[in-house]
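Protein chains: 2
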Amino acid sequence: MIKTTTGPGRPRRKDPDEVRQALIAAARDQFAQGSFKGVSVREIARAAGVNQAMVNYYFGDKRGLYEAMLQETIGPLIRTLEEAEARGEVARLEDLIPRHAATLAANPWLPNLIIREVLYGESEFRNLFIEKFASRVAAALRRAIDGGRDKGELRDDLDPRFGTLILFSLTIYPFVARPVVERAMGIPIDDAFAGRWSEQILQLLAPPKPPPEDEDP
Amino acid sequence: MIKTTTGPGRPRRKDPDEVRQALIAAARDQFAQGSFKGVSVREIARAAGVNQAMVNYYFGDKRGLYEAMLQETIGPLIRTLEEAEARGEVARLEDLIPRHAATLAANPWLPNLIIREVLYGESEFRNLFIEKFASRVAAALRRAIDGGRDKGELRDDLDPRFGTLILFSLTIYPFVARPVVERAMGIPIDDAFAGRWSEQILQLLAPPKPPPEDEDP
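So the protein sequences, as listed, match chains A and B.
Number 111 in the numbering used here belongs to position 78 of the first sequence; there are no gaps in the numbering.
Number 157 in the numbering used here belongs to position 124 of the second sequence; there are no gaps in the numbering.
The following block contains the structure:
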């Protein structure tokens, strides 16, 4: 799967960035199926078609590779939030919610990983995930909720702390409970889902529209 | 833990219903810690302080005990829904949501079991849980949403199918993601949580209140 810079007959030479990306992609596949402990560096390297030593070279160790894999997936979402704030802007929920839902929809290994390493039993990655990812997303969402309320874009009866929990619940549950949602509710978690679901969430959080009675007195 | 009908010196005699309840309580404790496969009938009987043969006598087998344990916990919720409907009434979300949240809050083994047997990996109990419990709750919630909308108790921009998913997300996620909620959002999932959270959910689904401008023209 890795593009090489060689012609026919020449020895395969891989671009360093491609090696790194291949390792991250292989890690996603492997960690979606097995736990952090259960998957070996050797298996990931074999699936990526590279030498096992490359894992240490690029990521230090298995933990480093795991963290890089999360960083590459959830990182852009967190960076969007934090860069907007660095510019003195407030990230808008209209931008964040579809992005958050689309990230989970496009990476089904990520809900699997959340179930396996965060929800199920104790793992050393629960702490990593909570501290490096969930806490930062939660803090940024809370600031976005505060900002949205200040600008009148959000209903004002929303407790900001509970608002964060509402957003986590609505954006994460459908993806981690996919078999229940699809089979007990008949809602397919397909390509179109993230978009339609994000609209429903935003509508739920929007300030009430003036009642239509006002127009015919 | 089992009350006996014996006085001092007499042989212990247990009430049949107490044996049954003791086995169900022991099964909850054991299945909260181990998977369906991993926990043995022998361990459950020992924890309940009864003879192993009692499991077969009361429940047929381990699967029957497991199902009875779920039935005792989730059954009353489903019966409330279905009995109201049998009387030609529509169960009200004001009754259902606090009850659903309180059931999960009062039985922390239940979210654990949902993670272990429904969300994590494939298990034969995923099917049982989806068909016997989740599907019935989903169908009844959907009818309650339809009824609530007809009576004007619910906002009318709620898609009934998505409404069911909103309710599942909001009532289940906080309990299955407890470490994330407590540590990343600083919201303790304590005794008071289910009540306050239910109020927030109902407020989110209520029809918009008339704007206060109407009062000072």
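In this text, a Cβ means the ideal position worked out from N, Cα and C, and glycines have one as well.
Segment contact: the segment 136-149 of chain B against the segment 175-192 of chain B, fewer than three CB-CB distances shorter than 8 angstroms; contact not assigned. Identification of chain A residues near B:V151 by a Cβ-Cβ cut-off of 8 angstroms yields A210, P212, V213, ordered along the chain. With respect to B:A177, B:R125 sits close: the two C-beta atoms are nearer than 8 angstroms. Between the C-alpha atoms of B:G154 and B:A227 there is a straight-line separation of about 28 angstroms. Here the C-alpha atom of B:R132 lies approximately 7 angstroms from the C-alpha atom of B:L110.
Taking C-beta separations shorter than 8 angstroms and ignoring five residues to either side along the sequence, the partners of A:D62 in its chain run A80, W142, following chain order. CA-to-CA, the gap between A:I107 and B:G108 works out to about 39 angstroms. Proximity to B:R96 across B:S68, B:R112, B:L152, B:L114 peaks at B:S68, based on C-alpha coordinates. Residues of the same chain with a CB within less than 6 angstroms of the CB of B:F162, apart from the 5 flanking positions on each side, are V151 in chain order. In summary, A:P221 is exposed, with fewer than 16 beta-carbon neighbours lying within 10 Å of its beta-carbon over all protein chains present. The continuous stretches of alpha helix (DSSP H) do not include A:M218, and DSSP gives it neither H nor E.
With fewer than 16 neighbouring CB atoms inside 10 Å of its own CB, A:A86 falls in the exposed class. About 3 angstroms separates the beta carbon of B:G180 from that of B:V123, a gap short enough to meet the 8 angstroms contact definition.
Using a Cβ-Cβ cut-off of 8 angstroms, A:R159 is close to P212 of chain B, given in chain order. A:A210 sits away from B:A171, with the two beta carbons spaced by 8 angstroms or more.
At the C-beta level, B:L98 and B:L146 stay beyond 8 angstroms of one another. Residue burial is scored here from C-beta neighbours: A:G93 has fewer than 16 other C-beta atoms within 10 angstroms and is therefore classed as exposed. A167, S168, A171, D190, D192, R194: these are the residues of the segment 164-194 of chain B whose beta carbon lies less than 7 angstroms from some beta carbon of chain A, given in chain order.
A:E76 and A:E127 have their C-alpha atoms some 40 angstroms from each other. Taking a beta-carbon distance threshold of 8 angstroms, B:S68 does not count as an interface residue toward chain A.
A straight-line Cα-Cα distance of about 20 angstroms links B:R194 and B:Q233. Restricting attention to alpha helix (DSSP H) runs no shorter than 4 residues, the segment 157-195 of chain A encloses them at 157-162, 168-183, ordered along the chain.
At a Cβ-Cβ threshold of 8 angstroms, A:L198 and B:P241 do not count as neighbours. The straight-line gap separating the alpha-carbon atoms of A:P144 and B:W230 is approximately 24 angstroms.
Here the alpha carbon of A:Q54 sits roughly 26 angstroms from the alpha carbon of A:S156. If you draw a straight line from the Cα of B:F158 to the Cα of B:E118, it comes to about 28 angstroms. In this chain, the alpha helix (DSSP H) harbouring B:R61 covers 49-66. Around the beta carbon of B:R149, 16 or more other beta carbons lie within 10 angstroms, which makes this residue buried. In the structure shown, the three-state DSSP call for A:N84 is coil. Interface flag for B:F201 against chain A is set, since a Cβ pair is found closer than 8 angstroms. Contact between B:L237 and A:L237 holds: their C-beta atoms lie close to 6 angstroms from each other, under 8 angstroms.
Under the three-state reduction of DSSP, B:F208 is assigned to helix. Listed by position along chain A, the residues whose Cβ is nearer than 7 angstroms to that of B:T197 are M218.
If the five residues before and after B:E215 are omitted, its C-beta is found closer than 7 angstroms to the C-beta atoms of P221, I222, all from its own chain and listed in chain order. In terms of beta-carbon proximity, A:L103 stays away from the interface with chain B, with every pair separated by 8 angstroms or more. Collapsing the DSSP output to three states places B:R125 in coil.
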